[in-house]
Amino acid sequence: MSFVVIKTGGKQYKISKGDSIKIEKIEAKKELKEGDKISFNEILLVDDGKKTQVGTPLIKGVKVEATIEKIGKAKKVDVIRFRSKSRYFKKKGHRQPFFKVKINSIK
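Count the sequence shown with numbering that gives the first Met the number 0 and you get residues 0 to 106, in order.
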């Protein structure tokens, strides 16, 4: 079984062909929609079952292609700032946008 480690959105993911993963939303020049194809060029490690390649820091010539299955937002995270005895209370919320992608090929 072969797998690769890619870097996207400041995180690293161990993936193989056919996997579905949730990643941070990618900013692109054109707006991405569900069904669009994207590629990852920042490959850190490749393992094909017999030989392992580790990048210094990246591996050139390897590309991962994926299809966007879903675009959404994660659950809301509430941020509260509170100071006792001074009537100071602030509440904010944040929903992180994400892509759910399916890995099509590793070249």
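All C-beta atoms in this analysis are idealised placements derived from N, C-alpha and C, irrespective of residue type, glycine included.
Pick out whichever of Tyr87, Ser104, Ile42 and Phe81 has its Cα sitting closest to the Cα of Lys59.
Taking the sequence shown and counting its residues from 1, the one referred to as residue 59 is at position 60. If we check each option's Cα against that of Lys59, Ile42 comes out closest.
Quick one: give me the first and last residue of the beta strand (DSSP E) that Gly11 is part of.
Working through the sequence shown from its first residue, we reach residue 11 at position 12. The sequence given here places Gln at residue 11; Gly does not occur at that position. First-last of the beta strand (DSSP E) with Gln11: Lys10 to Ile14.
Does the distance from the CB of Glu23 to the CB of Phe97 come in under 8 Å?
Taking the first residue of the sequence shown as position 1, residue 23 is located at position 24. Taking the first residue of the sequence shown as position 1, residue 97 is located at position 98. Yes.
Measuring only the C-alpha atoms, how far is Gly54 from Leu44?
Taking the sequence shown and counting its residues from 1, the one referred to as residue 54 is at position 55. Taking the sequence shown and counting its residues from 1, the one referred to as residue 44 is at position 45. About 6 Å.
Tell me the residue span of the beta strand (DSSP E) that contains Arg82.
Here residue 82 refers to the residue found at position 83 when the sequence shown is read from its first residue. Start and end: Val76 to Arg82.
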